[in-house]
Amino acid sequence: MLMRTDPFRELDRMAQQLMGPGTWSKPSVMPMDAYREGDEYVVAFDVPGVTADAIDIDVERNMLTVKAERRPTATADDVKMDLSERPLGVFSRQIMLADTLDTERIQADYDAGVLTLRIPIAERAKPRKVSIGVGSGRKEISG
């Protein structure tokens, strides 16, 4: 159901880890899982330490964009940071969705640092039976 748009995703992820946190103009990639569960497609993004109000989800045509910002924790003036390994800044992911998904009914839930999107399969994409009509008899054309 998803269409891959970046064949060098893993290389980009490693490069961004080495170069530091993202900014709004050049965000870091957030890891994700995608799978089908019954009649819906599920996409789960890891965004630990991000508050729900710092997450932005947009759909334009079939392009799904998820942006999140991990902000520094508020500290007192007399606090001196000895070690800071948790990345701060902006994380983003864009996914091209197939036409078979119903982007009008996406549901988003955020729990324990995981943003889960549930995207229903469109009715027109589900398998269906086609009935065959039986003619009422032969018709002759007279001329």
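With the sequence shown counted from 1, adding 72 to any position gets you this note's numbering.
Positions of the beta carbon are idealized from the N, C-alpha and C atoms, including for glycine.
Coil, strand or helix - residue i by DSSP
{"i": "A148", "result": "coil"}
{"i": "E225", "result": "Any question about residue 225 goes unanswered here, given that the chain covers just 73 to 215."}
{"i": "T175", "result": "helix"}
{"i": "R165", "result": "strand"}
{"i": "E141", "result": "strand"}
{"i": "R200", "result": "coil"}
{"i": "D125", "result": "helix"}
{"i": "E132", "result": "strand"}
{"i": "E195", "result": "helix"}
{"i": "S100", "result": "strand"}
{"i": "A170", "result": "coil"}
Cβ-Cβ distance between residue i and residue j below 8 Å
{"i": "G185", "j": "D128", "result": "no"}
{"i": "A106", "j": "Y182", "result": "no"}
{"i": "A180", "j": "L187", "result": "yes"}
{"i": "L160", "j": "R142", "result": "yes"}
Rounded distance between the beta-carbons of residue j and residue i, thought under 8 Å
{"i": "N134", "j": "L169", "result": "5 Å"}
{"i": "V131", "j": "I178", "result": "7 Å"}
{"i": "G121", "j": "R158", "result": "7 Å"}
Start and end residues, beta strand (DSSP E) containing residue i
{"i": "I191", "result": "186-192"}
{"i": "V115", "result": "112-118"}
{"i": "M104", "result": "104-109"}
Cβ neighbours of residue i in the same chain (closer than 8 Å, five flanking residues each side left out)
{"i": "E112", "result": "R190, I191, P192, I193"}
{"i": "P144", "result": "L160"}
Sequence-distant residues of its chain with Cβ nearer than 6 Å to residue i (five each side left out)
{"i": "T147", "result": "none"}
{"i": "L136", "result": "I167, L169"}
Residues near residue i by beta carbon distance below 7 Å, same chain, minus five either side
{"i": "A197", "result": "T172"}
{"i": "D150", "result": "none"}
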